[in-house]
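Numbering (UniProt numbering), first residue to last: 1 to 385.
See the structure below:
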């Protein structure tokens, strides 16, 4: 162009051959001030939509305590996302505020716990967590092959079911050979069961007459994603929600050995394939060695909010958090959980869930039943009902 859009008053530069030499119209003044690339208004509207949905869900959930505000927030968000076009247009802005709400809720929960409670809960949950993880790792290849789900996709679905949903899928995708479509497919499959868990688990927990601690252990060991674990736990009760969060954070640590194991298995399979093809073991056409790709992923295993959760628990252990504020902080945490689930609901695209396909969904369902059933059996065996 003949005009410098960064300075409309500047003289025109020499036009390339074949362009018109007539003066270009003056450039319009930018609507966004210099140095600010993205307007804040849509993000503010997204936050307001989340808060309004969470407030409505809190009021409605109070009338249906068996269901609870988080479940109502999820359902209300899905309804608004599917029927209200202005809300649907806010989808790109909903993920970050929703993540903030969830992470803040976990940190606030730490103010009501002590490090001794966290250690005791984590250690007590280890037999159940180890058993459910082992069952998931064994069942995934067997059921996946029987259903005809390819190796990469079944590994992603298995990791998401065994450990922590989308986070485990992201970590696993960094060390195994999968496509972007398979990653999206696995995330959609896991997300479908996250939504189902928020509705089904609290009802089953009441039918099975689980204690708050028992239900928290079951939810923390069998529900996939962190947001869903928090929502499921709090739908059953505040004590169950707190217990579920600690169990879930303990379960998340399994990403480290799983990711390393998959990385080395992938590297070994790649070397074997190159030997079979007559190549050199040092050649690397498609596979990636475990070190460079695994390490950046593993750095994200312990995010900042988990560290802050431990710091908050340490502060409470040292008596720095007055007992008088425990109840108000618990209410704040419950509202933040409701807001996080409102964001999940508002950003849901039901069409994407329908396009996931039957086989990965069936694999996810069978693995979910295996993990949940194994968890209940182990809880009964270890007297943690």
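The C-beta atom is built at its ideal place from N, Cα and C for all residues, glycine as well.
Everything numeric in this text was worked out from a predicted model, so none of it was measured.
{"Asked": "Classification of residue 232 by the beta-carbon crowding that lies within 10 angstroms, buried from 16 upward", "Found": "buried"}
{"Asked": "As assigned by DSSP and simplified to three states, the class of residue 224", "Found": "coil"}
{"Asked": "Nearest to residue 176 (by Cα), restricted to the options 150, 42 and 378", "Found": "150"}
{"Asked": "Distance, residue 127 Cα to residue 76 Cα", "Found": "37 angstroms"}
{"Asked": "Nearest residue (CA-CA) to residue 346, options 98, 58 and 59", "Found": "98"}
{"Asked": "Contiguous alpha helix (DSSP H) assignments of at least 4 residues, all confined to the region 93-171", "Found": "115-147 and 151-159"}
{"Asked": "Residue 62 versus residue 217: straight-line alpha-carbon distance, rounded", "Found": "25 angstroms"}
{"Asked": "Of the listed residues 95, 102, 70 and 120, nearest to residue 309 (C-alpha basis)", "Found": "102"}
{"Asked": "Contact set for residue 104: own chain, Cβ-Cβ below 6 angstroms, skip 5 residues either direction", "Found": "336"}
{"Asked": "Neighbourhood of residue 326 by C-beta, 6 angstroms cutoff - its chain only, sequence neighbours within 5 removed", "Found": "112"}
{"Asked": "Backbone CA spacing between residue 359 and residue 306 [nearest angstrom]", "Found": "35 angstroms"}
{"Asked": "N-terminal and C-terminal residue of the alpha helix (DSSP H) that residue 383 is part of", "Found": "Taken as a continuous stretch (DSSP letters only), residue 383 belongs to no alpha helix (DSSP H), as it is neither H nor E."}
{"Asked": "Straight-line gap, residue 203 to residue 377 (C-alpha atoms, nearest Å)", "Found": "18 angstroms"}
{"Asked": "Close-in-space but distant-in-sequence residues of the same chain around residue 129 (CB under 6 angstroms, 5 per side omitted)", "Found": "221 and 251"}
{"Asked": "Backbone CA spacing between residue 403 and residue 189 [nearest angstrom]", "Found": "Residue 403 lies beyond the residue range present for the chain, which begins at 1 and ends at 385; the question has no answer from this structure."}
{"Asked": "Pairwise C-alpha distance: residue 225 and residue 200", "Found": "15 angstroms"}
{"Asked": "Of the listed residues 155, 135 and 134, nearest to residue 144 (C-alpha basis)", "Found": "155"}
{"Asked": "Inter-residue spacing [alpha-carbon to alpha-carbon] between residue 50 and residue 166", "Found": "21 angstroms"}
{"Asked": "Rounded Cβ spacing between residue 69 and residue 57 (contact assumed at less than 8 angstroms)", "Found": "5 angstroms"}
{"Asked": "Continuous alpha helix (DSSP H) stretch holding residue 179: start and end", "Found": "Counting along the chain, residue 179 falls outside any alpha helix (DSSP H), and DSSP gives it neither H nor E."}
{"Asked": "Whole-angstrom distance between residue 384 and residue 211, CA atom to CA atom", "Found": "9 angstroms"}
{"Asked": "As assigned by DSSP and simplified to three states, the class of residue 84", "Found": "coil"}
{"Asked": "Residue burial classification, residue 205 (beta-carbon count within 10 angstroms, cutoff 16)", "Found": "buried"}
{"Asked": "Cα-Cα separation between residue 43 and residue 83, rounded to whole angstroms", "Found": "20 angstroms"}
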